[in-house]
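So for the sequence shown, UniProt numbering puts the first residue at 1; every next one is plus one. Glycine included, each C-beta is placed from N, C-alpha and C at the ideal position. Read through the structure below, which is laid out as structure tokens, and then see the notes.
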Amino acid sequence: MADEAHPAPASLSFEPLTPTAYLDRAAAAHGDRVGVLDGEQRWTYAQLHDRCTRLAGGLAPLASGRPVAVLSPNTHVLLEANFGVPWSGSPLVAINTRLSATEIAYILEHSDAAVLIHDRSFDALVDVVCAGLASPPRRIRAGADYEQLLAGAKPLHRTPEDERALLSINYTSGTTGRPKGVMYSHRGAYLQSVAMVGHTGLSPSAVHLWTLPMFHCNGWCFPWAVTAAAATHVCLPKLDPAEVWRLVREEGVTHLNGAPTVLTMIAYAKEAAPLPAGHTVRVATGGAPPSPAILRRMAELGFDVTHLYGLTETYGPAMICDWRPEWNGLDADVQARMKARQGVGNLISCTARVIGDDGTDVPADGRTTGQIALRGNNVMLGYLDDPAATAAAAPDGWFRTGDIGVVHPDGYVELRDRSKDVIISGGENIASVEVEQALMDHPAVLEAAVIAVPDERWGEVPAAYVTLREGVSVSEEELIEHVRARLARFKAPKQVTFGDLPKTSTGKVQKYLLREQAWAGHERRIH
1 MADEAHPAPA SLSFEPLTPT AYLDRAAAAH GDRVGVLDGE QRWTYAQLHD RCTRLAGGLA
61 PLASGRPVAV LSPNTHVLLE ANFGVPWSGS PLVAINTRLS ATEIAYILEH SDAAVLIHDR
121 SFDALVDVVC AGLASPPRRI RAGADYEQLL AGAKPLHRTP EDERALLSIN YTSGTTGRPK
181 GVMYSHRGAY LQSVAMVGHT GLSPSAVHLW TLPMFHCNGW CFPWAVTAAA ATHVCLPKLD
241 PAEVWRLVRE EGVTHLNGAP TVLTMIAYAK EAAPLPAGHT VRVATGGAPP SPAILRRMAE
301 LGFDVTHLYG LTETYGPAMI CDWRPEWNGL DADVQARMKA RQGVGNLISC TARVIGDDGT
361 DVPADGRTTG QIALRGNNVM LGYLDDPAAT AAAAPDGWFR TGDIGVVHPD GYVELRDRSK
421 DVIISGGENI ASVEVEQALM DHPAVLEAAV IAVPDERWGE VPAAYVTLRE GVSVSEEELI
481 EHVRARLARF KAPKQVTFGD LPKTSTGKVQ KYLLREQAWA GHERRIH
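Now the structure itself:
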């Protein structure tokens, strides 16, 4: 406390925390170094800073503070949007490129997006989307239109007055079938980015390859984290294993992220071969625990894999399976099991608990199960325009993940089961309710239940169990195409089984019986 001998300062100025400040720092301290590689194009951090401020200047009069949506693969356009859109005074809405026209239209309407920046590869899709909207957003096409916007704009650099102001909106299917807009704050993304720098060892000498979609939880906040470290972004619009290996070798890639399915594609590509001594690629993986086989294979190739756990509601990784040096001497299979655990709360942003039905912590015995609950700076502000869902998700300030886990004596959390109605296929969330609703839109379908079934490539995929209306017939192929016409193709069931559904005495479908049958003889890793 201040006293006569130590009077309080007359005034101290504190800047609100915002992840866009990392580009200010990178441009000031590393402005002459290459910050972005995108195909044949390269930009220094000073050039990236200039482009992002010009993007902000061009967007400000068009959006007037309303959200700006971006539909783009991993290109410099989406990377620049992570800085330029907030600097314009608007929240960013990065859209999953695998969604259908109907789903994208819903997101644009629900978020009230004023502008849509889109890659040229989505011209036809955006035509369909905008044709179905009463008030379509202003379209800006990547390429000549986008560059013209930047060239004609004056640099703009707005920062939030409140660090808990809305930075971005990320849409997730969740368990309801209706996409929910998860709201991120400037403060949360700033702190999550710092945590990712620390946990993955990013530095100015790092080269980060974008194998994780930037639209997914704002790329786990790595657009800002890589920039905070003044490392090099290497954009990869399409996940091509041959191109991954070329970039790893020719550009000296040191870091990449992705689901275990991505690691499998890389590890078993025909171009795969052990990296030279001294060249290690640090990998962060999430969406499902990596199998012992893929961990061994990646290690043989020179990739050091760390498992992360999180949700859209937690800015991506909320828990990290921090590796302890004393585990290095353990048997390889034991190490793999340890690496597959979900771990502990991340460095800066999050605290994790496993709680029972009464809200108290379960004992750390590795056996007693409870629900994983999270609290911290990287838990969402809430769901956009849905206070009821927000309150239900965090009734006492602790966000309920819906995932069931245990706490081991060393404090590390391990999942035992996922939320039953969410299918996570290749790292993408699929709400079973959403697929069921699409199936039941078909005139021949009386009832439908959708569950996850094992798949060698994707870990798990949706499968449908359907009861038809009396006297009506329809083929498996017709129903699958029916769903594909309404939802993203990856959400469509890969198989359909016809017949009566098992039910309780009250008429509730017993999905657990369908799961037990589907997974018999398979070791179900938690997805």
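Practice task
Could you check if D32 is buried or exposed, using at least 16 other CB atoms within 10 Å of its CB as the buried criterion?
Solution key: It is exposed - the Cβ of D32 has fewer than 16 other Cβ atoms within 10 Å.
Handout entry: Reduced DSSP secondary structure (H/G/I, E/B, other) of D123
Key = Under the three-state reduction of DSSP output, D123 falls in the helix class.
Practice task
Report all residues from its chain with a CB closer than 8 Å to the CB of T506; omit the five preceding and five following residues, and keep chain order.
Solution key: Its pLDDT being 41, under 50, T506 is placed unreliably in this model, and the coordinates cannot settle the point.
Exercise for the section: Could I get the ranges of all uninterrupted alpha helix (DSSP H) runs contained in the region 185 to 269, with 4 residues as the minimum, in chain order? Expected result: Given a length threshold of 4 residues, each whole run of the alpha helix (DSSP H) inside the region 185 to 269 is given here in chain order: 186 to 200, 217 to 220, 222 to 228, 241 to 250, 260 to 267.
Exercise for the section: If I'm right that Q342 touches E414 with Cβ under 8 Å, what's the distance once you round it to whole angstroms? Expected result: The beta-carbon distance between Q342 and E414, rounded to whole angstroms, is 6 Å. This is short enough to meet the 8 Å contact definition.
Handout entry: Own chain residues within Cβ distance below 7 Å of P223, not counting five before or after
Key = Sequence-distant Cβ neighbours of P223 in its own chain, meaning closer than 7 Å and more than five residues away, are L79, N82, M214.
Problem - Beta-bridge pairing of Y309 - partner residues as DSSP gives them - result: Y309 pairs with M319.
Handout entry: Limits of the alpha helix (DSSP H) - the one that Y45 falls within
Key = Residues 45 to 63.
Practice task
Specify the secondary structure class of Q41 as computed by DSSP and reduced to three states.
Solution key: Of the three classes helix, strand and coil, the one that applies to Q41 here is strand, per DSSP.
Practice task
Tell whether a beta-carbon distance below 9 Å holds between L212 and V248.
Solution key: Between L212 and V248, the CB-CB gap reaches or exceeds 9 Å.
Exercise for the section: Would you list the one or two residues that DSSP bridges to A69? Expected result: Answer is V93, L116, bridged to A69.
Handout entry: E436 to L384 span [Cα, whole Å]
Key = Rounded to whole angstroms, E436 to L384 spans 24 Å at the Cα level.
Problem - Bridge partner(s) assigned by DSSP for P502 - result: Beta-bridge partners assigned by DSSP to P502: none are found.
Exercise for the section: Give me whichever residues DSSP pairs with Q371 in a beta bridge. Expected result: Paired residues: I355, I404.
Handout entry: Contact the region 33 to 53 vs the region 224 to 241: 3+ CB pairs below 8 Å
Key = Under the 8 Å Cβ criterion, the region 33 to 53 counts as touching the region 224 to 241, having at least three qualifying pairs.
Practice task
Please state whether DSSP places N429 in a helix, a strand or coil.
Solution key: The three-state reading of DSSP puts N429 in strand, counting E and B together.
Exercise for the section: Report back the beta-carbon spacing between P399 and A438 to the nearest angstrom; my notes put them in contact at under 8 Å. Expected result: Reading off the sequence, residue 399 comes out as Phe, not Pro. About 29 Å separates the Cβ atoms of F399 and A438, ruling out a contact at the 8 Å cut-off.
Problem - Collapsed DSSP secondary structure at G376 in the structure displayed - result: Strand.
Handout entry: Every unbroken alpha helix (DSSP H) inside the region 424 to 502 [4 residues or more]
Key = If we require 4 residues or more, the alpha helix (DSSP H) runs fully inside the region 424 to 502 come out as 432 to 440, 476 to 484.
Handout entry: Candidates T227, A229, L256, of which the one nearest P241 by Cα
Key = When the alpha-carbon of P241 is set against those of T227, A229, L256, the nearest one is in L256.
Exercise for the section: Identify every residue that forms a DSSP beta bridge with C350. Expected result: G376.
Handout entry: Supposed contact pair V407 and R416 - C-beta distance, whole angstroms, cut 8 Å
Key = Contact annotation, R416 with V407: C-beta distance approximately 11 Å; criterion of less than 8 Å not satisfied.
Handout entry: Spatially closest choice to K339 from A299, V445, V354, S135, by CA coordinates
Key = Ranked by Cα distance from K339, the options A299, V445, V354, S135 are led by A299.
Exercise for the section: Please determine, among S425, L514, S475, the residue with the shortest C-alpha to C-alpha distance to D455. Expected result: Taking only the C-alpha atoms, the option nearest D455 is S425.
Practice task
Would you kindly report the start and end of the unbroken beta strand (DSSP E) that includes V283?
Solution key: Looking at the DSSP string, the run of the beta strand (DSSP E) that includes V283 is 281 to 285.
Problem - N-terminal and C-terminal residue of the beta strand (DSSP E) that L166 is part of - result: Looking at the DSSP string, the run of the beta strand (DSSP E) that includes L166 is 166 to 172.
Exercise for the section: Give the secondary structure of G84 by DSSP, where H, G and I count as helix, E and B as strand, and everything else as coil. Expected result: Helix at G84.
Handout entry: Pairwise C-alpha distance: T172 and L99
Key = Spanning the two alpha carbons is a distance of roughly 11 Å.
Practice task
Kindly indicate the opening and closing residues of the alpha helix (DSSP H) around R25.
Solution key: Residues 21 to 30.
Practice task
Report yes if the C-beta distance between A336 and S291 is below 9 Å; otherwise report no.
Solution key: Yes, they are a contact pair.
Practice task
Run the CB neighbour count on E478, radius 10 Å, all protein chains shown included, and call it buried at 16 or more, exposed below.
Solution key: Counting every other CB atom within 10 Å of its CB across the protein chains shown gives E478 a total below 16, marking it as exposed.
Problem - Euclidean distance between Cα positions of T176 and I423 - result: Low per-residue confidence applies at T176: pLDDT is 49, beneath 50, and the placement is therefore not dependable, though the value from the model is reported in the following sentence. C-alpha separation (whole angstroms): 12 Å.
Exercise for the section: Could you give the DSSP three-state label for V362: helix, strand or coil? Expected result: It is coil, neither helix nor strand.
Practice task
Give every residue of the same chain whose Cβ lies closer than 7 Å to the Cβ of N378, excluding the five residues on either side of it in the sequence, and list them in chain order.
Solution key: Only G188, L191, Q192, T314, Y315, A318, S349, C350 meet the Cβ criterion.
Practice task
Put D304 into one of helix, strand or coil per three-state DSSP.
Solution key: Looking at D304 - three-state DSSP - the assignment turns out to be strand.
Exercise for the section: Spatial neighbours of L116 within its chain, please: CB distance less than 6 Å, with the 5 preceding and 5 following residues excluded, ordered by chain position. Expected result: The answer, listed in chain order, is A69, P137, R139.
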